[in-house]
Amino acid sequence: MRLSQYVSIAGACSKRAASRLISAGKVCVNGVLADNHTVINGSESITLGGQLITLPDHFSYVIYNKPVGIDCNYRSQDPASLINHLDLPKRLFPVGRLDKDSHGLLLLTDDGGLCHRLLSPEFHYRKTYHVSVRPHFNKPDIDVQFCRLMEQGVDIGQAVTLPCRVQLLGANRFEIVLTQGLNRQIRKMSRALGYHVIDLQRVEISGCKLGELPEGKWRSLSDKEVELLVN
0 MRLSQYVSIA GACSKRAASR LISAGKVCVN GVLADNHTVI NGSESITLGG QLITLPDHFS
60 YVIYNKPVGI DCNYRSQDPA SLINHLDLPK RLFPVGRLDK DSHGLLLLTD DGGLCHRLLS
120 PEFHYRKTYH VSVRPHFNKP DIDVQFCRLM EQGVDIGQAV TLPCRVQLLG ANRFEIVLTQ
180 GLNRQIRKMS RALGYHVIDL QRVEISGCKL GELPEGKWRS LSDKEVELLV N
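With numbering that gives the first Met the number 0 applied, the sequence shown corresponds to residues 0 to 230, in that order.
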């Protein structure tokens, strides 16, 4: 784990602020001034401004039903920032991003190890989305062709997307399950096939479902849900 990530997970500050503090010579590892290239394994003694900082004994995991218009950044000066709309008992960090113009399930935690696994391409965690597009699928053969092309992978310019699973939900609506997390991936895939996304909602991450959680509200994960993510 990078030192800046450790300092952030310990609750001292954001990861960006931690990097600045490390650069300013405020952080020591085993009594020695550290830099931003320092990698630790968790057994070290970490001090910030001379004060020992440690990781929490108990990690927290919550699901937030993010509305459209909320940005996943943690900049308090930004009125749209997540930090100004989500009232949590302690500082948690979003696992990945959900675009400002998208809504639905956002996972937050202070478990840096889990966060790393969920964001690492090698673990292939499943993320499920419900998507509405324009124009409508106006013919059955177009429905089938769209699903087939999406599932086999789409050239979105900087990459060809990995195979995924797609199921039609209506005349202009479909469900897509990804194990990949490219920037604005679903929007780019749809655009490449001639469709414009008008609504995008994430409904599930690896068995943890949004369910009936009201928009703008959050809840803690059950032990069973945490087990689904960890294992």
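Beta carbons are placed, not taken as given, at the ideal position from N, Cα and C, and that holds for glycine.
Only a predicted model underlies this, so the values are computations on that prediction, with no experimental measurement involved.
Bridge pairing for isoleucine 204: Lys126, Cys207 [DSSP].
By the C-beta density criterion, threonine 127 is buried, having at least 16 other C-beta atoms within 10 angstroms. Apart from sequence neighbours up to five positions away, the residues of its chain that approach arginine 183 with a beta-carbon distance below 7 Å are Asp98, ordered along the chain. The beta carbons of proline 93 and leucine 104 sit about 11 Å from each other, so the pair does not count as a contact at 8 Å. When DSSP reads this structure, lysine 89 sits in no beta bridge, so it has no partner.
Between serine 119 and proline 139, the alpha-carbon positions lie close to 37 Å from each other. Around the beta carbon of leucine 107, 16 or more other beta carbons lie within 10 angstroms, which makes this residue buried. Under the DSSP assignment, leucine 2 falls outside any beta strand (DSSP E), being part of the alpha helix (DSSP H) whose first and last residues are 2–8. Membership of valine 229 in the alpha helix (DSSP H) is indicated by the continuous run 222–229. When DSSP assignments are scanned along the region 141–218, the uninterrupted stretches of beta strand (DSSP E) that are 3 or more residues long and fall wholly within it turn out to be 164–167, 172–177, 195–204. For lysine 14, the enclosing alpha helix (DSSP H) covers residues 14–22.
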